[in-house]
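Working notes for the structure below.
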Amino acid sequence: MSHMVGAIIALFFVGLIAGAIGRLIVRSPRRLGFWGTVLLGIVGSYAGGSLGALLFHDKFDIRKASTIVGAIVGTIVVLAIWRAATGKRALSKRY
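Counting from 1, position 42 in the sequence shown corresponds to residue 453 in the working numbering; the numbering is continuous, with no gaps.
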């Protein structure tokens, strides 16, 4: 039980750090806030792990997906796709 709680806490902090760094590199089309940044980092962590598994012909492993480098790369990819999909609509609503 304590191992599971530790894994959830670690995933939270990896998500927070990866989301914050990813948002510094790629501007998001919307304001996300604290919890949005954490969720973005967690999604980016899974995306980075999946991308790494595809590129290196490996199977997906949560321990590899939760590394900070993979999480940051995944977050940047998720943000870039999100920005490309919603960027024009978000900008047109602003002005």
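The beta-carbon is built from N, C-alpha and C at its ideal position, and this holds for glycine as well.
Limits of the alpha helix (DSSP H) - the one that Val449 falls within: Position 38 of the sequence shown holds residue 449. Here the alpha helix (DSSP H) through Val449 covers 444-466.
What does a CB cutoff of less than 8 Å around Ser503 pick up in its chain, not counting 5 residues either side in sequence? Indexing the sequence shown from 1 puts residue 503 at position 92. With a pLDDT of only 49 at Ser503, under the threshold of 50, the placement of this residue in the model should not be trusted, and no figure is reported.
Val480 versus Leu462: straight-line alpha-carbon distance, rounded: Taking the sequence shown and counting its residues from 1, the one referred to as residue 480 is at position 69. Taking the sequence shown and counting its residues from 1, the one referred to as residue 462 is at position 51. Rounded to the nearest angstrom, the two C-alpha atoms are 12 Å apart.
Using beta-carbon positions only, say whether Gly417 and Gly452 come within less than 8 Å of one another. Taking the sequence shown and counting its residues from 1, the one referred to as residue 417 is at position 6. Taking the sequence shown and counting its residues from 1, the one referred to as residue 452 is at position 41. No, the pair does not count as a contact, with Cβ atoms beyond the cut-off.
For Leu422 and Ser413, the rounded distance between their alpha carbons: Here residue 413 refers to the residue found at position 2 of the sequence shown. Here residue 422 refers to the residue found at position 11 of the sequence shown. One C-alpha to the other measures close to 14 Å.
Mind checking whether Ile436 and Ile487 have CB atoms under 8 Å apart? In the sequence shown, counting from the first residue as 1, residue 436 sits at position 25. In the sequence shown, counting from the first residue as 1, residue 487 sits at position 76. Yes, these two residues count as a Cβ contact at 8 Å.
How many angstroms separate the CA atom of Asp469 from the CA atom of Gly460? Here the question's residue 469 lines up with position 58 in the sequence shown. Here the question's residue 460 lines up with position 49 in the sequence shown. For Asp469 and Gly460, the distance between alpha carbons rounds to 10 Å.
Hey, could you find the ends of the alpha helix (DSSP H) Arg441 is sitting in? On the sequence shown, position 30 is the one that residue 441 refers to. Counting along the chain, Arg441 falls outside any alpha helix (DSSP H), and DSSP gives it neither H nor E.
Rounded to the nearest angstrom, what separates Arg367 and Val454 at their Cα positions? An answer regarding residue 367 cannot be provided, because it is not within the stretch 412 to 506 covered by the chain.
With a Cβ-Cβ cutoff of 8 Å, do Val409 and Ala458 count as a contact? The chain is shown only over 412 to 506; residue 409 falls outside these bounds and no answer can be derived.
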